[in-house]
């Protein structure tokens with residue numbers, strides 16, 4: 043009996059040992075399989091590391107987009123942009139070098155001006171904003187991922203990180219792809235992870251396109267100024283007794299046998315005008331967008347309301363454009379000016395005819411007033427398809443998102459968009475004035491000598507106006523003598539700035555620390571009167587030919603040479619086309635005008651940023667789109683559905699910003715500069731041809747079809763080309 047029990051225990055023990063052995067064997071097999079296929083394994087700390095980076099990526103994107111929508115699409119508004127600080131329930135602040143947003147009932151946000159009162163058009167391109175978001179994310183991730191230290195502590199993992207490469211695409215959604223090399227090591231294992239992605243339904247590309255078109259349409263048609271003129275005309279004094287809401291008329295002559303007349307308080311009228319703009323601007327609507335129609339039981343009033351609807355875009359039930367002006371915004375005093383005036387009084391002029399015997403003297407009272415109105419108008423482009431990002435919590439919700447930007451009106455002497463006098467941007471800031479400084483009252487250092495010479499002849503330049511700037515102090519110094527010399531009575535200043543102005547010379551700036559030098563010599567570049575010749579080039583063909591020839595370095599499959607292809611993309615601007623041109627040097631506008639074939643400009647050699655908006659006469663026919671199941675829909679710019687009418691007139695054919703280097707020129711030289719446009723004026727164009735805009739700066743980026751490998755089948759791809767390469771392929775010509 044005991045032997046049987048012993049035998050039974052031995053058998054049971056052997057079974058237990060066998061089970062343990064099989065368990066160990068299978069566990070080792072599983073571990074070997076995991077080591078063979080690391081993509082299927084999650085090692086110690088790997089999942090937690092990915093979770094931290096994913097969370098940081100989504101947090102950075104949502105935070106940045108919350109900032110961008112308030113700041114016209116920018117995270118950091120470029121220094122060359124004009125902007126206005128507007129009251130809001132949020133404030134944008136900087137933490138660890140990153141812009142962030144938080145709730146503040148008394149906060150302010152900076153909103154950029156896309157079209158200024160000086161007629162400067164500065165709408166950012168999609169690529170510019172994508173680049174800002176890429177740079178923001180690349181900086182935010184390492185700061186956020188400080189939690190790696192916890193991973194190392196709790197999981198015993200040594201984590202090494204590499205470079206971060208971010209690619210952002212605003213096609214319909216905001217799509218972010220990031221490569222971040224992360225390596226984890228423990229005593230027994232090693233793992234890597236590097237690819238991360240995040241997307242959010244936020245159609246910033248669409249909103250920027252709307253903003254760009256609205257700014258161009260305003261530059262071309264001045265619809266804001268014309269609306270203001272209509273509002274003024276509805277309220278102008280028509281003679282007789284003055285009513286409370288009457289405004290001074292544009293032109294009115296009242297004959298009278300007595301010299302009686304009506305006067306206005308200028309400040310009261312200017313305030314009335316701003317109140318009027320604030321109260322009536324919502325009447326102005328962009329038609330065919332998602333707006334509730336303004337209605338009235340009075341048919342006459344209804345026709346008036348309908349007349350304030352402007353139809354500029356194809357029907358879009360998922361977008362709206364709203365316009366605002368707040369009469370309480372901090373605006374400089376010369377934003378509204380009415381002339382003629384005598385101090386604070388607006389009064390007519392009186393002409394009296396000579397008196398004859400038995401006849402009374404005849405008086406003619408002439409009310410003729412000129413209005414200058416340079417007010418900022420806040421635009422909100424809202425896309426209902428996009429998700430709403432809560433500005434403070436980052437929670438993604440519904441009801442869409444908005445983009446804010448400003449356009450400034452330019453009503454000058456009752457004429458739309460003709461003012462050239464610039465507003466001082468510092469006057470827009472709603473800040474308390476600092477106490478007056480005595481910095482400019484006199485120098486405490488020994489006077490130092492400045493010599494100003496002509497950069498070409500080395501001759502001294504007399505009569506140069508000198509200003510010395512230090513931080514926010516601008517001190518007039520005086521003029522150079524006949525030998526080009528002047529003494530600089532300076533206060534102590536590190537990294538100050540000399541500013542020199544002289545008619546016939548390019549404005550010159552030079553850094554100058556009063557404590558580091560015993561005088562300096564500055565050369566000024568003489569201005570030359572040159573003729574500008576701007577030649578549009580077909581952007582799509584430029585991309586196609588650049589692709590086919592490897593950047594214009596070889597012939598195409600059919601033997602066409604790079605020289606012949608470059609010649610073929612040049613286009614001739616028509617005499618009735620309209621080209622808006624701005625030349626900027628070191629952030630200062632050197633030339634801004636509506637270009638014509640005989641345009642001349644006073645310029646010096648140097649590097650310029652040139653902005654062009656090309657408005658060409660064209661005919662755009664409706665397009666038919668397939669909507670599925672054999673149905674189709676026609677879309678047009680003019681007329682009413684279903685027929686529509688072709689659009690005939692000026693249309694923006696493209697805008698571009700590029701950098702050009704102008705060499706030394708002489709008076710009378712003709713300088714030819716090439717710029718990209720989207721279409722050729724001799725093409726038969728449809729509505730659908732205008733769905734894709736040429737990017738405004740940095741890159742031309744389009745979908746093309748071209749046969750580079752000569753196999754008879756065109757490749758379909760999206761091809762990019764830096765705008766700066768235009769100077770490589772089509773350099774500036776001087777003759």
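Residue numbers (the numbering used here): 43 to 777.
All C-beta atoms in this analysis are idealised placements derived from N, C-alpha and C, irrespective of residue type, glycine included.
Please check the pair residue 331 and residue 363, which I expect to be a contact at CB under 8 Å, by giving their CB distance rounded to whole angstroms. As a position in the chain shown, residue 331 is number 289, starting the count at 1. As a position in the chain shown, residue 363 is number 321, starting the count at 1. That pair is a contact at about 6 Å.
Residues sharing a beta bridge with residue 693, DSSP: Numbered from 1 along the chain shown, position 651 holds the residue referred to as residue 693. DSSP, once it has assigned bridges, lists 658 as partnering residue 693.
With a floor of 3 residues, list each beta strand (DSSP E) that falls wholly inside the region 571 to 630, ordered by position along the chain. 620 to 627
Residue 535 versus residue 500 - alpha carbon distance: The residue you call residue 535 lines up with position 493 of the chain shown. The residue you call residue 500 lines up with position 458 of the chain shown. About 29 Å.
Of the listed residues 611, 266, 112 and 452, nearest to residue 579 (C-alpha basis): Position 537 of the chain shown, counted from the first residue, corresponds to residue 579. Among 611, 266, 112 and 452, the Cα nearest to that of residue 579 is on 611.
Which residue's Cα is closest to the Cα of residue 778: 567, 216, 98 and 695? The structure shown does not extend to residue 778, since the chain spans only 43 to 777, so no value can be given for it.
Could you tell me if residue 159 is buried or exposed, where buried requires 16 or more neighbouring beta carbons within 10 angstroms of its beta carbon? Start at 1 with the first residue of the chain shown, and residue 159 comes out as number 117. Result: buried.
Report the residue ranges of all beta strand (DSSP E) runs contained in full by the region 270 to 334; include only those spanning at least 3 residues, in chain order. 293 to 298
Where residue 230 sits in the DSSP three-state scheme: Along the chain shown, one-based indexing puts residue 230 at 188. Three-state result, residue 230: coil.
Taking DSSP as the reference, what is the three-state secondary structure of residue 254? Locating residue 254 in the chain shown gives position 212, where the first residue counts as 1. Of the three classes helix, strand and coil, the one that applies to residue 254 here is helix, per DSSP.
In the DSSP assignment, the alpha helix (DSSP H) including residue 423 goes from what residue to what residue? Taking the first residue of the chain shown as 1, we reach residue 423 at position 381. From DSSP, residue 423 is part of no alpha helix (DSSP H) but of the beta strand (DSSP E) over 418 to 425.
Using three-state DSSP, classify residue 369 as helix, strand or coil. The sequence position of residue 369 within the chain shown is 327, counting from 1. Reduced to three states, the DSSP call for residue 369 is coil.
Could you check whether the region 260 to 269 touches the region 281 to 290, counting it as contact only if at least three pairs of C-beta atoms, one from each stretch, sit closer than 8 Å? Contact annotation: the region 260 to 269 does not touch the region 281 to 290, with fewer than three C-beta pairs closer than 8 Å.
Candidates 90, 176 and 760: which alpha carbon is nearest residue 116's? As a working mapping, residue 116 is identified with position 74 in the chain shown. Checked all of 90, 176 and 760; the closest Cα to residue 116 is 176.
Output yes or no for whether 8 Å exceeds the beta carbon distance between residue 378 and residue 417. Looking up residue 378 in the chain shown gives position 336. Looking up residue 417 in the chain shown gives position 375. The answer is yes: Cβ separation under 8 Å.
Between 344, 270 and 295, which has its C-alpha nearest residue 282's C-alpha? By 1-based counting over the chain shown, the position of residue 282 is 240. Cα-wise, what sits closest to residue 282 is 295.
Under DSSP, the alpha helix (DSSP H) around residue 193 begins and ends at which residues? If you number the chain shown from 1, residue 193 lands on position 151. Unbroken alpha helix (DSSP H) run through residue 193: 190 to 197.
From residue 698 to residue 653, what distance separates their C-alpha atoms? Here residue 698 refers to the residue found at position 656 when the chain shown is read from its first residue. Here residue 653 refers to the residue found at position 611 when the chain shown is read from its first residue. Going from the Cα of residue 698 to the Cα of residue 653 covers about 6 Å.
For residue 67, name the three-state secondary structure that DSSP assigns. Residue 67 sits at position 25 when you count from the first residue of the chain shown. With a pLDDT of only 49 at residue 67, under the threshold of 50, the placement of this residue in the model should not be trusted, and no figure is reported.
Classify residue 689 as buried or exposed, calling it buried when 16 or more other Cβ atoms lie within 10 Å of its own Cβ. As a first step, residue 689 is located in the chain shown; it is residue number 647 there, counting from the start. Result: buried.
Could you check whether residue 594 and residue 443 sit closer than 8 Å to each other, using their CB atoms as the reference points? As a first step, residue 443 must be located in the chain shown, where it is residue number 401. As a first step, residue 594 must be located in the chain shown, where it is residue number 552. For residue 443 and residue 594, no; Cβs fall outside 8 Å.
Proximity winner among 590, 519 and 381, relative to residue 309 (alpha-carbon distances): The residue given as residue 309 occupies position 267 in the chain shown. Looking at the Cα atoms, 381 is the closest of the given residues.
So which of 550, 509 and 543 has the shortest CA-CA distance to residue 530? As a working note, residue 530 is residue 488 in the chain shown. The shortest Cα separation from residue 530 among 550, 509 and 543 belongs to 509.
Any 3 or more C-beta pairs closer than 8 Å across the region 706 to 715 and the region 569 to 588: yes
DSSP-derived helix/strand/coil call for residue 73: Translated into the one-based positions of the chain shown, residue 73 becomes position 31. Residue placement at residue 73 is poorly supported in this model, since its pLDDT is 49, which falls under 50; the coordinates are not used for a value here.
With a cut-off of 8 Å on the beta carbons, I'd call residue 270 and residue 460 a contact; round off their distance for me. Position 228 of the chain shown, counted from the first residue, corresponds to residue 270. Position 418 of the chain shown, counted from the first residue, corresponds to residue 460. Their Cβ separation, rounded to whole angstroms, is 14 Å, which puts residue 270 and residue 460 out of contact at 8 Å.
Quick check: what's the CA-CA separation for residue 312 versus residue 180? As a first step, residue 312 must be located in the chain shown, where it is residue number 270. As a first step, residue 180 must be located in the chain shown, where it is residue number 138. Straight-line Cα distance between these residues: approximately 49 Å.
Answer yes if the region 763 to 770 comes into contact with the region 693 to 709, meaning at least three C-beta pairs across the two stretches below 8 Å, and no otherwise. yes
So does the region 582 to 602 actually touch the region 537 to 544, counting three or more Cβ pairs closer than 8 Å? no
Alpha-carbon spacing of residue 410 relative to residue 390, whole angstroms: Residue mapping note: residue 410 aligns to position 368 of the chain shown, counting from 1. Residue mapping note: residue 390 aligns to position 348 of the chain shown, counting from 1. About 7 Å.
Are the C-beta of residue 768 and some C-beta of chain B separated by less than 8 Å? Absence of chain B from the displayed structure is noted, only one protein chain being present.
When you compare each of 725, 569, 613 and 624 to residue 708 by their alpha carbons, which one comes out closest? Along the chain shown, read from residue 1 onward, the residue named residue 708 stands at position 666. Of the listed residues, the one whose Cα sits closest to residue 708 is 569.
C-alpha gap between residue 360 and residue 85, whole angstroms: For the purposes of this step, residue 360 is identified with residue 318 of the chain shown, where counting begins at 1. For the purposes of this step, residue 85 is identified with residue 43 of the chain shown, where counting begins at 1. Straight-line Cα distance between these residues: approximately 46 Å.
With DSSP as the reference, label residue 729 as helix, strand or coil. Residue numbering aside, residue 729 sits at position 687 when the chain shown is read from its first letter. Helix.
Report all residues from its chain with a CB closer than 8 Å to the CB of residue 138; omit the five preceding and five following residues, and keep chain order. Residue mapping note: residue 138 aligns to position 96 of the chain shown, counting from 1. These residues qualify, in order along the chain: 185.
Do residue 247 and residue 131 have their CB atoms nearer than 8 Å? Taking the first residue of the chain shown as 1, we reach residue 247 at position 205. Taking the first residue of the chain shown as 1, we reach residue 131 at position 89. No; because the gap between Cβ atoms is not below 8 Å, this pair is not in contact.
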